[in-house]
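Numbering (UniProt numbering), first residue to last: 1 to 227.
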């Protein structure tokens, strides 16, 4: 059974979602606030999190940040906040997808299924936990990057993008695949997201960002990581 952690303080919506999810054989834990959500996630690790941002004790962004400190569980934000800035803030904090209220239950369930499928992404057999280049070292287990002996701080989105490329190192990863793995299933055409974040990664990691040796662009196709 897929376990869903539903973080929502509106009791009527919680009840409706709980009925729909359980009818489709999901196991559901519910939390009315952020503190309860973080404690529940630690005690009973979920497979997917459905998260409202407007919680009574803390902002949902803080819940995302708290979860991302130790888990890569897919997080689907379900919120009435609709501005682009608010969506970007949630995605940059580490959310995988963003659904605005009111929403269609069929769409929510489809996105939930997509997120569940990404819980165990396909990766090379027994990938190394540490990748070393001439310019930097990446520790996948500790989620740390060092360059010239110094820790390099990456945002959750930058880290997720780098990790996907490293786990498929030497292979071309299409723009669409990167967008969907890092930002969610509805993000398949926003190539500008990739350009911005790849530029940021190159500035932080490459010796010469204008002539990258490790984060390679295949124009119009995708990106590739080379050691």
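Just so you know, even glycine gets a beta-carbon here, dropped at the ideal spot from N, CA and C.
No experiment lies behind these values; they were computed from the predicted model shown.
Separation of residue 223 from residue 58, as counted between CA atoms = One Cα belongs to residue 58, the other to residue 223, and the distance between them is close to 37 Å.
key: Where residue 163 sits in the DSSP three-state scheme   = Secondary structure of residue 163 (DSSP, three-state): helix.
query = For residue 210, is the classification buried or exposed, using 16 other Cβ atoms within 10 angstroms of its Cβ as the cut-off for buried?
reply = Under the 10 Å beta carbon count, residue 210 is surrounded by fewer than 16 other beta carbons and is classified as exposed.
key: Residue closest to residue 56, alpha-carbon to alpha-carbon, out of 164, 8, 97 and 175   = Put simply, of 164, 8, 97 and 175 the residue whose alpha carbon is nearest the alpha carbon of residue 56 is 8.
message = Which of the three DSSP states is assigned to residue 81 in this structure?
response = Of the three classes helix, strand and coil, the one that applies to residue 81 here is coil, per DSSP.
Three CB pairs or more closer than 8 Å across the segment 19-30 and the segment 58-70 = Remark: fewer than three beta-carbon pairs, one from each stretch, lie closer than 8 Å, so the segment 19-30 and the segment 58-70 are not flagged as touching.
ask   = Could you give the residue range of the alpha helix (DSSP H) that holds residue 19?
value = For residue 19, the enclosing alpha helix (DSSP H) stretches over residues 11-23.
key: Nearest candidate by alpha-carbon position, reference residue 102, set 84, 79, 92 and 93   = With distances taken between CA atoms, residue 102 lies nearest to 79 out of 84, 79, 92 and 93.
Residue 35, enclosing alpha helix (DSSP H) - first and last residue = Element bounds for residue 35: 34-43.
query = Under three-state DSSP, which class holds residue 126?
reply = Low confidence applies to residue 126: its pLDDT is 48, below 50, so where it sits in the model is not reliable, and the reading given next is rough at best. Residue 126: coil per DSSP, three-state reduction.
ask   = residue 30 bridges to which residues according to DSSP?
value = As computed with DSSP, residue 30 is found in a beta bridge with 6.
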